[in-house]
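**Q** Under the numbering used here, the first residue of the sequence shown is numbered 1203, with each subsequent residue one higher. Dropping a structure here in C-alpha cells format, bear with me for questions.
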Amino acid sequence: MAEDSKTYVPPPSVGHEIGVLFGFLGFMLVCMVIYGVVWTIGNKRSQRREAERVERLKASGLLRGEKEAVPGT
C-alpha cells in the first residue's frame, strides 16, 4: 500500500487542459496569418492610392519634383 500512495496519478482534467492550450496556440497562429494577409492587402491598396495621387498631381502640374515644389529652395 505504501507503493500505491507514491505513484503519481494525474488529474483527469490534464488532457482537457492540454487540448485547450494547443487549441489556443493554433487559433493564435491562424489569427496572426489572417492579420498578416489583411495588413499586406491594406498596404498594397495604400501604395496604389498614393501612386495614383502622385500621378494626378504630376498631370495637373502641381508636382514637378521634390525640391521644386517648395518655394525658396
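For each residue, glycine too, the CB sits at the ideal point set by N, CA and C. Since we're looking at a predicted model, the values are computed, not measured.
In angstroms with no decimal places, state the Cα-to-Cα distance between Glu1270 and Val1256.
**A** The residue you call residue 1270 lines up with position 68 of the sequence shown. The residue you call residue 1256 lines up with position 54 of the sequence shown. Annotation note: pLDDT 49 at Glu1270 (below 50); position unreliable, coordinate value reported separately. Roughly 15 angstroms separates the two Cα atoms.
**Q** What's the C-alpha gap between Gly1228 and Ile1243?
**A** Working through the sequence shown from its first residue, we reach residue 1228 at position 26. Working through the sequence shown from its first residue, we reach residue 1243 at position 41. If you take the alpha carbons of Gly1228 and Ile1243, they lie about 23 angstroms apart.
**Q** If you drop the 5 nearest sequence neighbours on each side, which residues of the same chain put their C-beta closer than 6 angstroms to that of Asn1235?
**A** Here residue 1235 refers to the residue found at position 33 when the sequence shown is read from its first residue. The amino acid occupying residue 1235 in the given sequence is Val; Asn does not appear at that position. Nothing meets the Cβ criterion.
**Q** Quick one: Cα of Leu1259 to Cα of Leu1265, how far?
**A** Here residue 1259 refers to the residue found at position 57 of the sequence shown. Here residue 1265 refers to the residue found at position 63 of the sequence shown. So the alpha carbons of these two residues sit roughly 5 angstroms apart.
**Q** Taking the alpha-carbon positions, what's the Glu1219 to Val1211 distance?
**A** Translated into the one-based positions of the sequence shown, residue 1219 becomes position 17. Translated into the one-based positions of the sequence shown, residue 1211 becomes position 9. Straight-line Cα distance between these residues: approximately 16 angstroms.
**Q** From what residue to what residue does the alpha helix (DSSP H) around Val1232 run?
**A** Here residue 1232 is taken as the residue at index 30 of the sequence shown, counted from 1. Val1216 to Ser1262 is the extent of the alpha helix (DSSP H) around Val1232.
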